[in-house]
Amino acid sequence: MVEDERRLIEACLTGDEDACARLVDAHARMVGTVIWRATGDHRLVEDLAQDTFLRVFHALNSFDRRAKLSTWIYTIAHRVAIDHLRKTGRWQQEEFAVSPDDEAVAGIEQLHAPPMANPDAVFERDEHIRLVREALARLPDKYRLPLLYAAIDGLDYPAIAGMLGVTVGAVKTLVFRAKRMLKDEITDAY
Amino acid sequence: MRIEDLEDALRREPAWDPPPGFARRIAELAQQQVDTRVRLLGVLALVPQAVRNGVRNSAASLDGLRWTLRQYWLLIAQ
C-alpha cells in the first residue's frame, strides 16, 4: 500500500472529515460505475454509492493494510449492488465458480460470427448499443457481471477477481464465455 | 457481429459521475455515524455503574422497609 493511502486511512480513522471526503472523491466514480453496471439502474446509483461508503467507513478499522484499498472498496460496492438485486428478487446466481462447461471454451481465442440478416442496420451505433443492452439483460448474472466489470475503464482482472472472490483465470474464463453467449444472443435475435 | 464490436459497445457505456458535494456529504454522514457510535458506547459504559447503583439502592430500600416493619411490629407488640 502506498504511504499516502496509509496516511489517508489513518486520518479517516481519527475522524478527519476532509480525509474522508478525499477518500470518497478518489473512488466515487468507480464505485458508482460498478453499481450502475450491476443494477442497470442509474437512479439507484447515488443511494447505493452512499451506502457503500458508509459501510467502508464503518469497517475501515478492520481493513487489512496489506490489501489494495481500491479493490476492497469496489468489493463492498459489488456486494451492496448484489444485496440490492437480491432484495428486489433480481439476483439469479449465488456463485461465480467456473463450471466444466465454461472450461471447455476457455481456450478459444477468436470466434467467427455467422452472417446476419441485415448487417447495415446492426452496425448503426444506437441500434448496436440497444441490441447489446437487451442481450446483456438476458445473460445469467454469473457471466453478465464479470463481462460488464471487465469493460469498465480502469478495472483490471485482478481487481475483478478480488471483487468476485475467484481467481484471475476464472474471471478470464467467465468473461470469454459471456462474450460468446452475448454474441449468440444477438445473433439469435436476428 | 465480431467480439471486438461487442467489446467496443460495452466500453462506450458511460461512467457514473458523482453529483457536486457528494464526497463532502458522505464524509459528514460518516462522521455523524462515528459520533453516534461514540455516544452509544459512552451510554453503554455507564450501564454497569447504573446496575450497581440500582442494586445498592434496592438493598438500601429493603433495609429501610425491614426497619419500618420492625417499628410497626414493636408498636403492635406494646
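Same order as they appear, the protein sequences are chains A and B.
Residue 147 in our numbering sits at position 138 of the first sequence, with consecutive numbering throughout.
Residue 110 in our numbering sits at position 47 of the second sequence, with consecutive numbering throughout.
Using N, Cα and C, we set each Cβ at its ideal position, and we do this for glycine too.
Quantities reported herein were computed from a predicted structural model and do not represent experimental measurements.
Inset, instruction - Compare the C-beta of R115(B) against all C-beta atoms of chain A and say whether one is closer than 8 Å. - result: False, the Cβ-Cβ gap to chain A never drops below 8 Å.
Inset, instruction - Flag this pair as yes or no: are the beta carbons of T48(A) and H87(A) separated by less than 8 Å? - result: No, these two residues do not count as a Cβ contact at 8 Å.
Legend entry - Proximity below 8 Å, CB of I44(A) to CB of V89(A): Going by C-beta atoms, I44(A) is nearer than 8 Å to V89(A).
Legend entry - Residues of its chain near V141(A), where Cβ-Cβ distance is below 8 Å and the 5 sequence neighbours each way are ignored: Taking C-beta separations shorter than 8 Å and ignoring five residues to either side along the sequence, the partners of V141(A) in its chain run L191 and I195, following chain order.
Legend entry - Through-space distance from I161(A) to P81(B), alpha-carbon basis: Answer to the nearest angstrom: the Cα atoms are 16 Å apart.
Legend entry - Contact under 8 Å by Cβ, H36(A) with I82(A): Yes, these two residues count as a Cβ contact at 8 Å.
Inset, instruction - Grab the span of the alpha helix (DSSP H) containing A187(A) for me, first residue to last. - result: A187(A) -> alpha helix (DSSP H) spans V177 to D197.
Legend entry - Residues of its chain near T84(A), where Cβ-Cβ distance is below 7 Å and the 5 sequence neighbours each way are ignored: Counting only Cβ-Cβ distances below 7 Å, and skipping sequence neighbours, we find G171 and M172.
Legend entry - Members of the stretch 21-38 of chain A that neighbour chain B once the beta carbon cut-off is set at 7 Å: Taking 7 Å as the Cβ-Cβ cut-off against chain B, the residues of the stretch 21-38 of chain A that qualify are G24, E26, C29, A30, V33, D34, A37 and R38.
Inset, instruction - Kindly examine the ligand HEM and report whether one of its heavy atoms sits closer than 7 Å to the Cβ of L69(A). - result: What this structure holds is no ligand at all, so the ligand HEM is not there to describe.
Legend entry - Limits of the unbroken alpha helix (DSSP H) element including H67(A): For H67(A), the enclosing alpha helix (DSSP H) starts and ends at V54 to A68.
Legend entry - Delimiting residues of the alpha helix (DSSP H) encompassing G41(A): Per DSSP, G41(A) is one residue of the alpha helix (DSSP H) stretching across E26 to T48.
Inset, instruction - Please determine, among Q101(A), G178(A), R15(A) and L63(A), the residue with the shortest C-alpha to C-alpha distance to L78(A). - result: Of the candidates Q101(A), G178(A), R15(A) and L63(A), the one whose C-alpha sits nearest the C-alpha of L78(A) is R15(A).
Inset, instruction - Classify W136(B) as buried or exposed, calling it buried when 16 or more other Cβ atoms lie within 10 Å of its own Cβ. - result: Result: exposed.
Legend entry - Helix, strand or coil at W136(B) according to DSSP, with G and I counted as helix: Correct three-state label for W136(B): helix.
Inset, instruction - For my contact list, D34(A) and A78(B) are in at a C-beta cut-off of 8 Å; report their separation, rounded to the angstrom. - result: 15 Å between Cβ atoms; not a contact.
Inset, instruction - Have a look at A93(B) and I91(A) and give me their C-alpha separation to the nearest angstrom. - result: In a straight line, the C-alpha of A93(B) is about 22 Å away from that of I91(A).
Legend entry - Proximity winner among L145(A), V180(A), Q59(A) and M39(A), relative to A72(B) (alpha-carbon distances): It is L145(A) whose Cα lies nearest to the Cα of A72(B).
Legend entry - Start and end residues, alpha helix (DSSP H) containing D162(A): Premise fails: D162(A) is in no alpha helix (DSSP H) and is neither H nor E.
Inset, instruction - Mind checking the stretch 77-92 of chain B against chain A and listing, in chain order, the residues whose C-beta falls within less than 7 Å of any C-beta there? - result: Correct list: A78, W79, D80, P81, P82, F85, A86, R87, I89, A90, E91 and L92.
Inset, instruction - Quick one: give me the first and last residue of the alpha helix (DSSP H) that R75(B) is part of. - result: Here R75(B) belongs to no alpha helix (DSSP H), and DSSP marks it neither H nor E.
Legend entry - Spatially closest choice to P167(A) from Y158(A), V177(A) and A159(A), by CA coordinates: For P167(A), the closest alpha carbon among the candidates Y158(A), V177(A) and A159(A) is that of V177(A).
Inset, instruction - Verify the CB distance criterion: does I85(A) have a CB-CB separation below 8 Å to chain B? - result: Not a single C-beta of chain B is nearer than 8 Å to the C-beta of I85(A).
Legend entry - For Q95(B) and I89(B), the rounded distance between their alpha carbons: Their backbone Cα atoms lie some 10 Å apart in a straight line.
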